[in-house]
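What follows is a set of notes on a single structure, which appears directly below.
Residue numbers (this note's numbering): 1 to 111.
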């Protein structure tokens with residue numbers, strides 16, 4: 001699973017399918033779009049933009065795409081890539097215990 005990152009301000013990162021590609025392939029998907037600007041972690045860096053879109057296959061609960069804009073997106077995307085490669089479900093990622101306050105702790109609320 002190839003990760004793409006743009007090291008900019010804000011950072012942009014992506015792994016897996018876009019929503020359009022997943023639909024084109026006939027997958028039944030859940031799409032979780034989050035404006036995270038008001039979230040605690042984004043506030044710690046006074047983020048002007050913090051956003052995520054997580055695409056999950058409804059039949060398997062497997063993540064098929066993750067797209068992030070904002071601080072630490074270029075790091076968080078690797079957690080989604082790991083989940084995709086090893087079959088960790090969206091529920092599995094959501095139930096993990098993350099250190100708080102960290103950007104990775106936001107993964108629980110992204111899905």
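Note that CB positions come from ideal geometry on N, CA and C, so glycine has one too. Predicted, not measured: the structure shown is a model, and the values here were computed from it.
A residue is called buried once 16 or more other Cβ atoms fall within 10 Å of its Cβ, and residue 35, having fewer, is exposed. Here DSSP, grouped into helix, strand and coil, assigns residue 31 to strand.
Listed as beta-bridge partners of residue 102 by DSSP are no residues whatsoever. Looking only at 100, 21, 20, 110, the smallest Cα-Cα distance to residue 94 is reached by 110.
Pairing residue 86 with residue 79, the inter-Cα distance amounts to about 11 Å. Less than 7 Å separates the beta-carbon of residue 98 from that of residue 105.
For the 7 Å CB-CB criterion, residue 30 and residue 49 do not form a contact.
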